[in-house]
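Single-structure report; data block below.
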DNA sequence: CGGCAGGATTAGATCGTTCAAGTTGCTGGA
DNA sequence: TCCAGCAACTTGAACGATCTAATCCTGCCG
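Residue numbers (my numbering), protein chains in the order written: chain A, 133 to 461; chain B, 133 to 461.
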């Protein structure tokens, strides 16, 4: 077993004091060029790594970011979080931060977990995925001035805190335009009940695009809970109309998959576009809107490191999804 | 801003020394009952939390476990990792450990990351998902006596290190028996090319079960890379035989999904069973073998905490998957 | 040639915890 | 009576970094 290499070992090896080694690491500009080089050589030669715990004790900063990992809500959308996490870990890594996971059952438990993580581990920042109306978690964090970012806008107060989000309306608008461009005129929307910020946003993009094309009059629009069975049922409703739609934009891949099953029996082909570009969509050839999760994750990290290192950037980032064309539209 | 509560604050409040407070936390049995109660009340009243960094500096243990998060290999199986991670985080939490994520491109980079994590963060243990033939990573860790567990057996040396795995053979055996029980006699297997431990294992369960039923003679068996298109293609090959199979056991949900597409056009109905019980399987009603990921994760944590706290358990855990019956079999 | 500014470097204290080595007070056996 | 032995608790040092304040040069100005 090799001896433990501390800052003192490096200092001795490079014939300088501990503090100079520390300066080479944290404030290189105040160290003379030649000394710096000598220290850096010693660091490389000895394979020295600054002990994070000791550093943290002195500075009060852990270079750790916490992210909640949820219990894979509906499954089909679960892999969204998966990809987001990967992007987050990678970008954080590059910025010198590491990602710590936590779980929580309920808001109270989650807040207790914040308290614990902050108290015991001196966590630097939190990333929350999804917020809801009057979220107690963001209030708690804001009150204590703990840096955090949410992936997902706070719909009731868009300026409340830093966030990164994907522009759902821009996505469905893009999908709708694509359908208009390929000749469709009766374009339906299959979404969630009004009241969810994300769902309403996605519906808006479809509606405004149709309106801009002068087609909003009788645009068929249905709302249901998320799910494949639900999607199929509602799509059958749409197909049973006098003038059934020739295309449908869906608020999720689950709904789109259901719709796809319904249109299989239809007399004329019906175009279907989903949302989230889940692996399932890729698997069955469903055209879908892909969220730039890696970019979103990177922006979250940028926002946080900006806050932590004192050079804040624009705290509200809205990203456009991209339409991935496959067989169904 | 409240004053920072340290062990000294608690000690003063409870009229004891720092060390006694420390003992209440780490070795309660050596503290007199009444003193212990007084200290615990002080801890609760002040909301004291032991500073992990300071503790770590003294003990050299961080109560942190690292897990690699992969770049969502093929997508359709991505959510397996997702669920595993969630289980891991939850069990680790209960055992007083936290989960740190890391990514790596290539084995060399991964080993460099180990070095960094161990050097800078004093990581207590690693969880690796999947190992391959002559894995340099496990060798590196073993050489340095770093505690680790793999989720997935080391196929070439089953005793080499602690692992937790799901018994693929038992799974496909169960699936095959189910098909035999429901009257099927021509049961095919659709799997991966020989050489992958997991794939061979899954094939074995099917073969031995057929053999035990005296049906192994002309059991049709095909091998291909994983993927929906590949599954569909190979299934069409099987269906084109003189005596086409009436059922097929697949090594993955991707292959099963492909098979499902192929049998849709078949003259007579063909039963299909997949493996992994991915969200897609649930979505399309595919019967599939479900891996007990939460249990597997829990066992990984148990193994590690056992190693770390000095009461090791049986280091090789093999879990049975369960057959989730849906429409397709 | 003395003094002084200021850049480069160093020594000592400190963060919050646990370890090692005491100290105290009590019991009981010779 | 005395002290060994033990349980319960306390004190000082140490972990490895950074912060603060002091020291050492070196060059330049008056």
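The C-beta atom is built at its ideal place from N, Cα and C for all residues, glycine as well.
For residue i, three-class secondary structure by DSSP
i             : result
residue 253/A : helix
residue 409/A : coil
residue 332/A : helix
residue 240/B : helix
residue 297/B : strand
residue 235/A : coil
residue 163/B : coil
residue 427/A : helix
residue 261/B : strand
residue 307/B : helix
residue 461/B : coil
residue 433/A : helix
residue 190/B : helix
residue 403/A : strand
residue 230/A : strand
residue 173/A : helix
residue 218/A : helix
residue 179/A : coil
residue 415/B : helix
residue 346/A : coil
residue 351/B : coil
residue 441/A : helix
Test: residue i CB closer than 8 Å to a CB of chain B
i             : result
residue 189/A : yes
residue 207/A : The predicted model places residue 207/A with a pLDDT of 46, which falls under 50 and marks its position as unreliable; any figure quoted below should be read in that light. True, the Cβ-Cβ gap to chain B drops below 8 Å.
residue 360/A : yes
residue 139/A : no
residue 239/A : no
residue 218/A : yes
residue 246/A : no
residue 323/A : no
residue 243/A : no
residue 315/A : no
residue 203/A : yes
residue 415/A : yes
residue 366/A : no
residue 225/A : yes
Beta carbon proximity, residue i to chain A, threshold 8 Å
i             : result
residue 173/B : no
residue 303/B : no
residue 254/B : yes
residue 159/B : no
residue 251/B : yes
residue 234/B : yes
residue 437/B : no
residue 181/B : yes
residue 214/B : yes
residue 185/B : yes
residue 135/B : no
residue 389/B : yes
residue 230/B : yes
residue 460/B : no
N- and C-terminal bounds of the beta strand (DSSP E) containing residue i
i             : result
residue 200/B : 196-200
residue 422/B : 419-422
residue 451/B : 448-451
residue 454/A : 454-456
residue 282/B : 280-283
Segment limits, alpha helix (DSSP H) that includes residue i
i             : result
residue 145/B : 139-146
residue 320/B : Here residue 320/B belongs to no alpha helix (DSSP H); instead the beta strand (DSSP E) covers 319-323.
residue 270/A : 268-275
residue 157/B : 150-158
Beta carbon of residue i nearer than 8 Å to that of residue j
i             : j             : result
residue 235/A : residue 225/B : yes
residue 263/B : residue 282/B : yes
residue 261/B : residue 292/B : no
residue 462/B : residue 301/B : Since the first residue shown for chain B is 133 and the last is 461, residue 462/B is missing from the structure and cannot be characterised.
residue 258/A : residue 425/A : no
residue 346/B : residue 391/B : no
residue 201/B : residue 233/B : yes
residue 368/A : residue 394/A : yes
residue 418/B : residue 354/B : no
residue 409/B : residue 456/B : yes
Quick one: which unbroken beta strand (DSSP E) runs of 3-plus residues sit fully inside the region 354-399 of chain B? Chain order, please.
-> 379-382, all fully within the region 354-399 of chain B.
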